[in-house]
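Student:
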Ligand code: G6P
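Residue numbers (our numbering): 1 to 613.
1) For residue 331 and residue 370, which I take to be in contact (beta-carbon distance under 8 Å), what is that distance rounded to the nearest angstrom?
2) Taking the continuous alpha helix (DSSP H) assigned at residue 88, which residues delimit it?
3) In the DSSP assignment, find the alpha helix (DSSP H) that holds residue 567 and state where it starts and stops.
4) At a cut-off of 7 Å, is residue 608 close to the ligand G6P when judged by its beta-carbon and the heavy atoms of the ligand?
5) In terms of alpha-carbon separation, which member of 154, 362, 23 and 142 lies closest to residue 202?
6) Just to check my reading of the structure: residue 228 and residue 178 have Cβ atoms closer than 8 Å, yes? What is that Cβ distance to the nearest angstrom?
7) Quick one: does the C-beta of residue 404 sit closer than 7 Å to a heavy atom of the ligand G6P?
8) Mapping DSSP to helix, strand and coil, what is residue 354?
9) Are the Cβ atoms of residue 98 and residue 139 separated by less than 8 Å?
10) Any contact of the stretch 106-123 with the stretch 33-53, i.e. 3+ C-beta pairs under 8 Å?
11) Output yes if chain D places a C-beta closer than 8 Å to the C-beta of residue 113; else output no.
12) What is the rounded straight-line gap between the Cα of residue 377 and the Cα of residue 12?
13) What do you reckon, is the C-beta of residue 2 under 7 Å from a heavy atom of the ligand G6P?
14) Under a three-way DSSP split, which group does residue 277 fall into?
15) Locate the alpha helix (DSSP H) running through residue 29, then write down its first and last residues.
16) Who are the Cβ neighbours of residue 335 in its own chain at under 6 Å, not counting the five residues just before and after it?
17) Any idea if residue 25 is buried or exposed, counting beta-carbon neighbours within 10 angstroms, 16 or more meaning buried?
18) So, are the CB atoms of residue 589 and residue 310 less than 8 Å apart?
19) Taking residue 115 as the reference, give the member of 134, 519 and 102 with the closest Cα.
20) Excluding the 5 residues flanking residue 190 on each side, which residues of the same chain have their C-beta closer than 8 Å to its C-beta?
21) Roughly how far, in whole angstroms, is the beta-carbon of residue 499 from the beta-carbon of residue 472, given that I think they are within contact range, below 8 Å?
22) Is DSSP giving residue 156 helix, strand or coil here?
23) With DSSP collapsed to three states, give me the class of residue 189.
24) With DSSP collapsed to three states, give me the class of residue 440.
25) Going by alpha carbons, who is nearest to residue 100 out of 572, 147 and 35?
26) State yes or no: is the C-beta of residue 441 within less than 8 Å of the C-beta of residue 572?
27) Count the CB pairs spanning the stretch 447-462 and the stretch 263-278 that are closer than 8 Å, and state whether there are at least three.
28) Among residues of its own chain, excluding the 5 on either side of residue 487, which ones have a beta-carbon nearer than 6 Å to its beta-carbon?
29) What is the rounded straight-line gap between the Cα of residue 591 and the Cα of residue 467?
30) Ordered along the chain, which non-local residues of its own chain (more than five positions away) have a Cβ less than 8 Å from that of residue 253?
31) Given this structure, state the Cα-to-Cα distance separating residue 163 from residue 230, to the nearest angstrom.
32) Please state whether DSSP places residue 417 in a helix, a strand or coil.
33) According to the neighbour-count rule (16 or more other Cβ atoms, all chains shown, within 10 Å of its Cβ), is residue 194 buried or exposed?
34) Within its chain, find whatever has a CB closer than 7 Å to the CB of residue 125; leave out the 5 residues flanking it on each side and keep chain order.
35) Are residue 28 and residue 606 closer than 8 Å when you measure CB to CB?
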């Protein structure tokens, strides 16, 4: 979702900004723009609808724009359709203030009414133009300089934002401010970089500053100063990014999604290694959760969006079964407005790859405001959820670029397994022997995933056969139901084929009327006790003309009597089956998308990091 970059140094800014925006493409966007200036020269603005290529062409790769200080933006439309007029940067009529924005300003109507009373005119349908003009208004009214004007605007604006602002009177400076939308700043020698996400500046520096919520920063050439909302100077230490730039490149794979699918054994192994000692004991002390706290938990709420929510769906079966603690799983967008009943001895787990998803962040704050301990399962170090949660469990997936998550999802599952095993051990619902068995099995998962990946050509072949499918139904029971929810989402996200995931026993209560000759029905059958039941539900579909695909463990060969196509996965502890069964489903979505010639890494209408509600 919207990407921001900024550069202030001694080289031409526009080519650097364009390169930075390319690294943020994965966030999703539908138009882009740049504002660049040189010393006291007037700022130059160029915008283009569509892909970044259009902006490259308009500016001759940036060479046509002269200036060593500038800001850039990729816009994912919220207010106003995606066109050049609504693209950022926006500016005040006299170009006194020029800015780009990520987020949503909720009280934009009220602010616009105020500005209209002061004779401001509006040319776009964006909330950003209102923010720009509000800053301009305070700048001229109070004459307190850029930090003062931005701080005054921040006190009036409700919603979420990251802003990058240029002021006519301060030619060699960029100002930035944020609330609930990400922004990082890096310095390399006498040059300063800023971006919505680390990959855009990693080429230049590993030492980055995370600007905090409701803070403002002034970026000079090789300098940065931070201010709080009271305009007081504040000290900040840079943090080192330990993963390398290559991790954010395609490395010989055709697309990021298939590269990241193949990185899952590593993501799983690395995440296990963060908390499992050589002797098989689990150490959660880096998370700051002690055994006394674990014994107290009376309920667990898991709150998340998208695929992270699907991790929650399978988690409830695992945690309830192993730990006997009641678990409720909720969509963050619902939780935050539901006035949930939370036990002070409960735990709220927020799962988020980006750590910036607006609804998940709001849910976390809702829980914190009620005094309930919170745990974030997060991939991006230093992200808002990571900073605000009481405890953080980092997934070791590395940067995930494809919009459709794969390796972060797999790493999130590992965090849940580890929490469940540890909680169960501490609460005495499993013994040491069982723990050792489970940890030993957990350590085999990376090899088992590799084995499934070796067989990917079969899935590729199958995908080619079903590339014209209109509807696909995924069914399963228990943990398998959770698995199918993620399989169905992958399918929709990247292949644009309508699909639904159903609890296998529920299909006949209405939805089975959609099954007709040739409809693809995919059943997940990883849970021994539920195998026969799900198979019967698959057969109910076959009788009505469905083509059946089954995913089950090696050994369950009786499935061949009913299914038309079967994918076998290695046997594992049933609690961990999701980690294996999801792999063929990710591959199926990927190959269907590629077969259809779609933009698999950046599907239409989607954003990697959804920083608006
Ligand atoms: C977006 C992405 C999904 C992701 C969801 C939650 O919708 O397209 O792939 O699952 O956000 O993101 P998070 O960063 O909180 O895990």
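Ideal Cβ placement from N, Cα and C applies to all residues, glycine included.
Tutor: Let me lay it out:
1) To locate residue 331, count along the chain shown from 1; it is residue 331. To locate residue 370, count along the chain shown from 1; it is residue 370. In fact, because the Cβ distance is near 18 Å, the residues do not count as touching under 8 Å.
2) For this step, residue 88 is matched to residue 88 along the chain shown. Looking at the DSSP string, residue 88 is not in any alpha helix (DSSP H), and its letter there is neither H nor E.
3) Translated into positions along the chain shown, residue 567 becomes position 567. Per DSSP, residue 567 belongs to no alpha helix (DSSP H); it is in the beta strand (DSSP E), 565-569.
4) For the purposes of this step, residue 608 is identified with residue 608 of the chain shown, where counting begins at 1. Distances between the C-beta of residue 608 and the heavy atoms of the ligand G6P include at least one below 7 Å.
5) Taking the chain shown and counting its residues from 1, the one referred to as residue 202 is at position 202. Of the candidates 154, 362, 23 and 142, the one whose C-alpha sits nearest the C-alpha of residue 202 is 23.
6) Counting from 1 along the chain shown, the entry for residue 228 is found at position 228. Counting from 1 along the chain shown, the entry for residue 178 is found at position 178. Not confirmed; about 12 Å, so no contact.
7) The residue given as residue 404 occupies position 404 in the chain shown. The answer is yes for residue 404.
8) On the chain shown, position 354 is the one that residue 354 refers to. Reduced to three states, the DSSP call for residue 354 is coil.
9) Walking along the chain shown from the start, residue 98 turns up at place 98. Walking along the chain shown from the start, residue 139 turns up at place 139. The answer is no: Cβ separation not under 8 Å.
10) no
11) Any reference to chain D falls outside this structure, which holds one protein chain only.
12) Numbered from 1 along the chain shown, position 377 holds the residue referred to as residue 377. Numbered from 1 along the chain shown, position 12 holds the residue referred to as residue 12. Going from the Cα of residue 377 to the Cα of residue 12 covers about 40 Å.
13) Looking up residue 2 in the chain shown gives position 2. Result no, Cβ not under 7 Å from the ligand G6P.
14) Start at 1 with the first residue of the chain shown, and residue 277 comes out as number 277. Coil.
15) Translated into positions along the chain shown, residue 29 becomes position 29. It is not in any alpha helix (DSSP H) - residue 29 carries neither H nor E in the DSSP assignment.
16) Taking the first residue of the chain shown as position 1, residue 335 is located at position 335. Result list for residue 335: 303 and 363, in chain order.
17) As a working note, residue 25 is residue 25 in the chain shown. Buried, because 16 or more other Cβ atoms sit within 10 Å of the Cβ of residue 25.
18) Sequence index remark: in the chain shown, residue 589 carries index 589 (1-based). Sequence index remark: in the chain shown, residue 310 carries index 310 (1-based). No. Outside cutoff.
19) Sequence index remark: in the chain shown, residue 115 carries index 115 (1-based). Checked all of 134, 519 and 102; the closest Cα to residue 115 is 134.
20) Counting from 1 along the chain shown, the entry for residue 190 is found at position 190. Counting only Cβ-Cβ distances below 8 Å, and skipping sequence neighbours, we find 9, 10, 221 and 222.
21) What you label residue 499 is simply residue 499 of the chain shown in a count that begins at 1. What you label residue 472 is simply residue 472 of the chain shown in a count that begins at 1. Indeed they touch by this definition, with Cβ atoms about 4 Å apart.
22) Locating residue 156 in the chain shown gives position 156, counting from the first residue. The answer is helix: DSSP assigns residue 156 an H, G or I state.
23) Walking along the chain shown from the start, residue 189 turns up at place 189. It is coil, neither helix nor strand.
24) Taking the chain shown and counting its residues from 1, one reaches residue 440 at position 440. DSSP places residue 440 in helix when its eight states are reduced to three.
25) In the chain shown, counting from the first residue as 1, residue 100 sits at position 100. Residue 35 is the option with its Cα nearest to residue 100.
26) Along the chain shown, one-based indexing puts residue 441 at 441. Along the chain shown, one-based indexing puts residue 572 at 572. Contact flag set, yes.
27) yes
28) Start at 1 with the first residue of the chain shown, and residue 487 comes out as number 487. So the list reads 474 and 585, once near-sequence residues are dropped.
29) As a first step, residue 591 must be located in the chain shown, where it is residue number 591. As a first step, residue 467 must be located in the chain shown, where it is residue number 467. So the two alpha carbons sit approximately 9 Å from each other.
30) Taking the first residue of the chain shown as 1, we reach residue 253 at position 253. The answer, listed in chain order, is 259 and 262.
31) Stepping through the chain shown from its first residue, residue 163 is reached at position 163. Stepping through the chain shown from its first residue, residue 230 is reached at position 230. Distance between the alpha carbons of residue 163 and residue 230 is about 18 Å.
32) The residue you call residue 417 lines up with position 417 of the chain shown. In this structure, residue 417 counts as helix in the three-state DSSP scheme.
33) Within the chain shown, the letter at position 194 stands for residue 194. It counts as buried.
34) Working through the chain shown from its first residue, we reach residue 125 at position 125. Cβ neighbours of residue 125 beyond the five flanking positions: 79, 80 and 86.
35) Your numbering for residue 28 matches position 28 in the chain shown. Your numbering for residue 606 matches position 606 in the chain shown. Taking 8 Å as the Cβ cut-off, residue 28 and residue 606 qualify as a contacting pair.
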